[in-house]
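Let me begin by presenting the structure, written as structure tokens, before commenting on it.
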Amino acid sequence: MIAEIATDHDSLIVLIKEPRLDGQVSLFEFFLDNNIIHNNVEKIIFDFNHVTYINSLGIAEFISLMRYLSEKRPKLKYRFVNVEKKISKIFKMIELTSIADIESR
Amino acid sequence: MNIAMEKNDVIFGETVKTTNDNRIKLIEDAIAFIENRKFLVKIDHYEFYLILDEAISNAMEHGNHWNLEKHVYLRILHPENNRLEIDIEDEGSGFDPDVLPEKANGMQTLSPRGRGILIIKKFCNASWSNNGKTIKMSLALQD
């Protein structure tokens, strides 16, 4: 399984289980297949505790997913937590910070 | 092969078909060669791995469109002026590097290829030849 899902009040917590996000697994399809956005969810938290590597193909998965979700739920907010510093540096570089809060480990 | 490149300048070369396993193999083979020759680039290992991945992924995804019959070529040239040059070439139809973005744009219109190239340009000097089918990455070496 790509990720484990939990809910906490108005937040959906997505614990990413894949250490490498390089376009070979589809988070987008995982979300569509599992129909996991409920009406009371206002925030999606992606937990990067297990993630050690991401490239632009992996980042594109998140962008596609957030773009898709934001069309359906424009007020959804996004957070990336437990992000390795080397990865958060890349996120800042490509200005992912403009669409999500990034918290490093 | 770029005709401007002298054969003797190439100290490492590898050609692979376009598969995900070969993408990773090509990255790891290039890094192993560079480490074995004790060339120390100024960027850290993660950044070096990432830009090789971005260039090879771009070649396989946007150049060759994951066509298994198409190849990706990687060449490392003998260092000059304390810089290491790595060339990666695909067999796609090329693209116009002049339209590449200088800046990311959050969730908006940045193309999939553009995001990878933006990362490459942050960590090395990158240029294109051969109608955009060959990327040349020039990396500073440690003194």
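Heads up: the sequence lines are chains R and F, in that order.
Residue 102 in our numbering sits at position 102 of the first sequence, with consecutive numbering throughout.
Residue 1135 in our numbering sits at position 135 of the second sequence, with consecutive numbering throughout.
Beta carbons are placed, not taken as given, at the ideal position from N, Cα and C, and that holds for glycine.
Please identify the residue among F:Lys1070, F:Glu1035, F:Ile1024 whose C-alpha is closest to the C-alpha of Leu1050 of chain F.
Nearest C-alpha to Leu1050 of chain F: F:Ile1024.
Taking Cβ-Cβ distances shorter than 7 angstroms, what residues in chain R pair up with Lys1122 of chain F?
Per Cβ cutoff of 7 angstroms: Met93.
Does the stretch 8-26 of chain R come close enough to the stretch 1082-1089 of chain F to have 3 or more Cβ pairs within less than 8 angstroms?
No, the stretch 8-26 of chain R is not in contact with the stretch 1082-1089 of chain F.
Between Arg1083 of chain F and chain R, is any beta-carbon pair separated by less than 7 angstroms?
Not an interface residue.
I want to know whether the stretch 73-83 of chain R touches the stretch 38-49 of chain R - three or more CB-CB distances under 8 angstroms.
Contact holds: three or more Cβ-Cβ distances are below 8 angstroms.
With 7 angstroms as the threshold, decide whether the Cβ of Asn49 of chain R is near any Cβ in chain F.
No, no contact with chain F.
At the 7 angstroms Cβ level, is Lys77 of chain R part of the contact set with chain F, yes or no?
It does not; no Cβ of chain F falls within 7 angstroms.
For a cutoff of 7 angstroms on Cβ pairs, would you count Asp1053 of chain F as touching chain R?
For Asp1053 of chain F, the answer is yes, since a Cβ of chain R falls inside 7 angstroms of its Cβ.
Can you tell me whether DSSP reads His1078 of chain F as helix, strand or coil?
His1078 of chain F falls in the strand class under three-state DSSP.
Pro1097 of chain F and Asp1132 of chain F - do their beta-carbons sit closer together than 7 angstroms?
It is Gly, not Asp, that sits at residue 1132 of chain F in the sequence shown. It is a contact, given that the beta carbons lie within the stated cut-off.
Would Ser26 of chain R count as contacting chain F if we go by Cβ distances under 7 angstroms?
By this cut-off, Ser26 of chain R is not an interface position.
For Met1137 of chain F, list the residues DSSP reports as bridge partners.
Paired residue(s): F:Ile1086, F:Ala1126.
Would Ser56 of chain R and Gly1116 of chain F be called neighbours here (beta carbons separated by less than 7 angstroms)?
Yes, these two residues count as a Cβ contact at 7 angstroms.
Are the CB atoms of Leu15 of chain R and Glu4 of chain R within a distance shorter than 7 angstroms?
Yes, the pair counts as a contact, with Cβ atoms nearer than the cut-off.
Three-state secondary structure (DSSP) at Val1041 of chain F?
If DSSP states are grouped into helix, strand and coil, Val1041 of chain F belongs with the strands.
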